[in-house]
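Here the working numbering is used: the first residue of the sequence shown is 39, the next is one more, and so on. Glycine included, C-beta positions come from ideal geometry on N, C-alpha and C. Predicted model only: the values in this text are computed from it and were never measured.
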Amino acid sequence: MAASEIYASRGKRYGDVTTKRVLVTGASGFVGRPLVAALLQAGYAVRAATRRPVSFPSSVDVVIVPDFKTTVDWEPILRGVDVVIHLAGLAHADSRAAAFGAFDQVNLLTTLNLARAAKDVGLDRFIFISSVRAQIGASSTQLVREQDEPHPTDDYGRSKLAAELAVRSTGLPFTILRPVAIYGPHPKGNIKTLVRLATSPLLLPFKGFNNRRSLLGIDNLIATIFFVLNNQSTVGEKFLVADPVPFTLPDLFTMLRKAQGRKPGMVYVPPIIIRLALWLSGQSRLWKHISGNLVVNTGKLESLGWRPAVETYEGLRSVLAAENGEG
39 MAASEIYASR GKRYGDVTTK RVLVTGASGF VGRPLVAALL QAGYAVRAAT RRPVSFPSSV
99 DVVIVPDFKT TVDWEPILRG VDVVIHLAGL AHADSRAAAF GAFDQVNLLT TLNLARAAKD
159 VGLDRFIFIS SVRAQIGASS TQLVREQDEP HPTDDYGRSK LAAELAVRST GLPFTILRPV
219 AIYGPHPKGN IKTLVRLATS PLLLPFKGFN NRRSLLGIDN LIATIFFVLN NQSTVGEKFL
279 VADPVPFTLP DLFTMLRKAQ GRKPGMVYVP PIIIRLALWL SGQSRLWKHI SGNLVVNTGK
339 LESLGWRPAV ETYEGLRSVL AAENGEG
């Protein structure tokens, strides 16, 4: 089922119909496009800020921001807007770009400039989609909680944490969301790699992996955005966002292959051999993402009444449907 059909059939789970106008930055991205569709379905007026022309429904007010790395005059873009949902950011940069501060330029300075402009025009709400990496590195042996001291381990995570502090400093009514790795139709990054493995005919050598990781379905992230939009108790707070139940790598592949009507097809290979194979193939960065634990506590959101919109298995089925051209 296409994303737009999902929102049409389950739109009420996202919140009540409203006439508020929402500015979505990064509106053409992996999260942005389905978020815009969900906002329209729920009755919001949407202004979409994108780096390039993109096809949206005619009711969407599209604003082109060619380069988020430069200083943008946000005030005219914010006129008539009630709420900002700030998705735009930089997740990956080559070593040269990183050395010149690309993460700080996009993730910190753009966020700061946008938040200051939002404060100046008197916006009702600023929802910043940060990352769990503002809290912790790629893995953690401890349960990750909002109240723990943040310890980002790379430039990306540090820039996201700095952006969070910048938003706080403006005095805006804000909510910060720290999602874990997101899966959904046409995924990116490591999730894309795992889906490709699951849909391949190969036997998978991950039977010996028992580490657990939290994941987040894109429908559940969007439902969380609507939840904080409709709950004043979330103003001034930050929340870790994940599907409530973490999974081992064998669990994940079992679900993905079950959704294809297949057996898990996993065999035991010593993890050290897999680590060596990844290193030899130039994919050593993937090791820490598949071998380490990263489990977050969603209790803070749940204590306010938040519940996931879809179960993980159902979310993974939508990923596979898109891979098969069904969504």
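N-terminal and C-terminal residue of the alpha helix (DSSP H) that residue i is part of
i	result
I123	Not the alpha helix (DSSP H): I123 falls in the beta strand (DSSP E), residues 121 to 124.
L314	309 to 318
L181	Where L181 is concerned, there is no enclosing alpha helix (DSSP H), given that its DSSP letter is neither H nor E.
I174	First-last for I174: undefined, no H or E at that position.
S329	325 to 329
S341	Neither: S341 is in no alpha helix (DSSP H) and is coded neither H nor E.
Exposure of residue i, with buried meaning 16 or more beta-carbon neighbours within 10 Å
i	result
N145	buried
Q173	buried
Q143	buried
N248	exposed
I115	buried
I263	buried
W112	buried
K326	exposed
G67	buried
Y351	exposed
V305	exposed
W344	buried
K301	exposed
T179	exposed
G127	buried
G274	exposed
E202	buried
Within-7 Å CB hit, residue i to chain C
i	result
A83	Among the protein chains of the structure shown there is no chain C, as only one such chain exists.
Opening and closing residue of the beta strand (DSSP E) in which residue i lies
i	result
R59	59 to 63
F68	No beta strand (DSSP E) holds F68; DSSP gives it neither H nor E.
V279	275 to 279
Paired residues, beta bridge with residue i - DSSP
i	result
M17	An answer regarding residue 17 cannot be provided, because it is not within the stretch 39 to 365 covered by the chain.
V334	V182
I165	I123, T213
T286	R250
(Q) Report the start-end ranges of each alpha helix (DSSP H) in the region 72 to 129 that is 4 residues or longer and not cut off at the edges. (A) 113 to 116
Q: Assess, as a yes-or-no matter, whether the region 255 to 269 is touched by the region 147 to 167 under the definition of 3 or more beta carbon pairs within less than 8 Å.
A: yes
Q) If you scan the region 245 to 270 from start to end, which runs of the beta strand (DSSP E) of 3 or more residues do you find wholly inside it? A) none
Q | 3-residue-minimum beta strand (DSSP E) runs that sit fully inside the region 211 to 247, ordered along the chain | A | 212 to 217
Q. Should the region 306 to 313 be called in touch with the region 205 to 216, which here means at least 3 C-beta pairs below 8 Å?
A. no
**Q.** Segment contact, 8 Å Cβ cut-off, at least three pairs: the region 57 to 64 with the region 83 to 103
**A.** yes
Q: Evaluate the contact criterion for the region 327 to 334 versus the region 240 to 256: three or more CB pairs, one atom per stretch, below 8 Å.
A: yes
Q.
Could you check whether the region 276 to 288 touches the region 179 to 192, counting it as contact only if at least three pairs of C-beta atoms, one from each stretch, sit closer than 8 Å?
A. yes
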